[in-house]
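The structure under discussion appears below in the form of structure tokens.
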Ligand code: GLN
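Numbering (our numbering), first residue to last: 2 to 287.
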């Protein structure tokens with residue numbers, strides 16, 4: 002068999018439309034243990050037969066539609082390595098931007114914040130906030146309804162040595178948190194928000210991810226409405242507060258109507274677009 006180098010493999014994988022260039026680099030990096038950022042500088046490196054076979058095996062699964070993050074067991078989110086498995090949603094690029102709103106808020110307020118990562122899944126949101134702010138955080142609570150997802154949250158907390166400023170609460174959305182009388186300055190939530198009847202969603206791209214993390218009743222609005230109806234209960238409204246939700250790109254209009262009715266002028270709320278120009282975030286402040 003001829004010698005095989007990284008350049009050859011990269012070309013080979015790139016021929017498959019289902020495997021983007023960054024996935025191809027990620028696969029090579031994972032198998033060879035060459036840093037992602039070094040792969041393109043290592044094109045002449047030769048690969049062992051074993052590594053080559055492993056790369057081909059992984060590529061075949063990706064070509065069949067299996068998400069790369071589930072094969073590798075992690076996803077890079079804001080540059081942080083976040084462990085995932087089939088019980089958690091795979092962190093999305095759109096979600097990364099939520100943390101910018103939070104970081105700005107934390108930096109501009111000189112008080113120790115209590116933060117809630119609601120529907121934490123892998124914990125990617127709260128972990129990023131913790132890693133990117135070394136002061137002004139009192140505690141970050143991670144909460145999810147799924148025990149299996151919380152096990153992954155825990156893994157990510159421990160890997161990042163964040164146990165001393167974090168807590169995990171199993172809760173059916175806000176139920177146990179409210180029962181425990183927990184209150185927060187910041188609430189971050191990327192809830193399940195896909196409408197069961199949404200015809201624009203291609204179910205084949207989501208079939209590997211937990212339904213519980215994706216779909217919601219009431220045209221996908223169920224969790225926003227529940228959270229908004231409980232703002233006064235769950236937030237430290239006597240102090241500065243911030244709520245950031247990720248939303249579906251078609252949900253702004255319906256949420257606006259609900260917010261006008263429910264919150265009126267009591268809170269400031271606005272919507273922000275993501276980098277793809279879709280309405281993607283709802284931000285509420287007092
Ligand atoms: N907070 C996690 C994420 O944003 C999980 C969200 C969810 O399960 N709906 O990826």
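By construction, the Cβ of each residue, glycine as well, lies at the ideal position given by its N, Cα and C atoms.
Q.
At a cut-off of 7 Å, would you count residue 90 as near the ligand GLN, judging by its Cβ distance to the nearest heavy atom?
A. Your numbering for residue 90 matches position 89 in the chain shown. Remark: the C-beta of residue 90 is in contact range of the ligand GLN, defined as less than 7 Å to any heavy atom.
Q: Spell out the partners DSSP gives residue 84 in its beta bridges.
A: Sequence index remark: in the chain shown, residue 84 carries index 83 (1-based). In the DSSP output, where bridge partners are listed per residue, residue 84 has 75.
Q | Nearest-angstrom Cα separation, counted from residue 42 out to residue 56 | A | One-based indexing of the chain shown puts residue 56 at position 55. One-based indexing of the chain shown puts residue 42 at position 41. Answer to the nearest angstrom: the Cα atoms are 18 Å apart.
Q: Please state whether DSSP places residue 209 in a helix, a strand or coil.
A: Stepping through the chain shown from its first residue, residue 209 is reached at position 208. Residue 209 falls in the coil class under three-state DSSP.
Q: Could you check what DSSP says for residue 156 in three-state terms: helix, strand or coil?
A: Sequence index remark: in the chain shown, residue 156 carries index 155 (1-based). It is helical.
**Q.** 3-residue-minimum beta strand (DSSP E) runs that sit fully inside the segment 188-260, ordered along the chain
**A.** Those beta strand (DSSP E) runs which fall completely within the segment 188-260 and span 3+ residues are 243-247.
(Q) Can you check which of these residues, 35, 34 and 54, is closest to residue 13 by C-alpha distance? (A) Along the chain shown, one-based indexing puts residue 13 at 12. It is 54.
Q) Exposed or buried, which one is residue 1 when buried takes at least 16 other CB atoms within 10 Å? A) The structure shown has nothing for residue 1, since the chain only spans 2 to 287.
Q) Among 37, 118 and 282, which one has its Cα closest to the Cα of residue 256? A) To locate residue 256, count along the chain shown from 1; it is residue 255. 282 is the residue among 37, 118 and 282 whose C-alpha sits nearest the C-alpha of residue 256.
Q: Label residue 36 either buried or exposed according to how many other C-beta atoms from any shown protein chain fall within 10 Å of its C-beta, with 16 as the threshold for buried.
A: Start at 1 with the first residue of the chain shown, and residue 36 comes out as number 35. Residue 36 is exposed by the Cβ-count criterion.
Q: Specify, as a first and last residue, the run of the beta strand (DSSP E) that residue 140 falls within.
A: In the chain shown, the residue the question calls residue 140 occupies position 139. Looking at the DSSP string, the run of the beta strand (DSSP E) that includes residue 140 is 138-145.
Q: Name the residue from 116, 286 and 112 whose alpha carbon lies nearest to the alpha carbon of residue 178.
A: Mapped onto the chain shown, residue 178 falls at position 177. It is 116.
**Q.** For residue 176, the nearest candidate out of 165, 235, 157 and 264 (CA to CA)
**A.** On the chain shown, position 175 is the one that residue 176 refers to. Restricting attention to 165, 235, 157 and 264, the CA atom closest to the CA of residue 176 is found in 235.
Q: Verify the contact flag: residue 86, CB atom, against every heavy atom of the ligand GLN, threshold strictly below 7 Å.
A: As a first step, residue 86 must be located in the chain shown, where it is residue number 85. No.
Q: Return helix, strand or coil for residue 163, following the three-state DSSP convention.
A: Position 162 of the chain shown, counting from 1, holds the residue named residue 163. In this structure, residue 163 counts as coil in the three-state DSSP scheme.
Q) Is there at least one non-hydrogen atom of the ligand GLN closer than 7 Å to the beta-carbon of residue 206? A) Reading the chain shown from its first residue, position 205 is the one you call residue 206. Not one heavy atom of the ligand GLN lies closer than 7 Å to the C-beta of residue 206.
**Q.** Heavy atom of the ligand GLN within 7 Å of residue 214 beta-carbon
**A.** Here residue 214 is taken as the residue at index 213 of the chain shown, counted from 1. The answer is yes for residue 214.
Q | Validate contact between the segment 185-193 and the segment 209-223 using beta carbons, cut 8 Å, 3 pairs | A | Yes, since at least three Cβ pairs between the segment 185-193 and the segment 209-223 fall closer than 8 Å, the two stretches touch.
Q: Starting from the C-beta of residue 4, find all residues in its chain whose C-beta is less than 7 Å away, skip the five residues before and the five after it, and write them out in chain order.
A: Counting from 1 along the chain shown, the entry for residue 4 is found at position 3. So the list reads 47, once near-sequence residues are dropped.
**Q.** residue 223 versus residue 230 - alpha carbon distance
**A.** By 1-based counting over the chain shown, the position of residue 223 is 222. By 1-based counting over the chain shown, the position of residue 230 is 229. Answer to the nearest angstrom: the Cα atoms are 11 Å apart.
Q: Helix, strand or coil for residue 50, going by three-state DSSP, please let me know.
A: Along the chain shown, read from residue 1 onward, the residue named residue 50 stands at position 49. Residue state, collapsed to three classes: helix.
Q: Go ahead and label residue 258 buried or exposed: buried means 16 or more other beta carbons lie within 10 angstroms of its beta carbon, across all protein chains shown.
A: Sequence index remark: in the chain shown, residue 258 carries index 257 (1-based). By the 10 Å Cβ count, residue 258 comes out exposed.
Q) Is there contact here, the segment 150-165 with the segment 93-108, by at least three beta-carbon pairs under 8 Å? A) Taking 8 Å as the limit for Cβ pairs, the verdict is that the segment 93-108 does not touch the segment 150-165.
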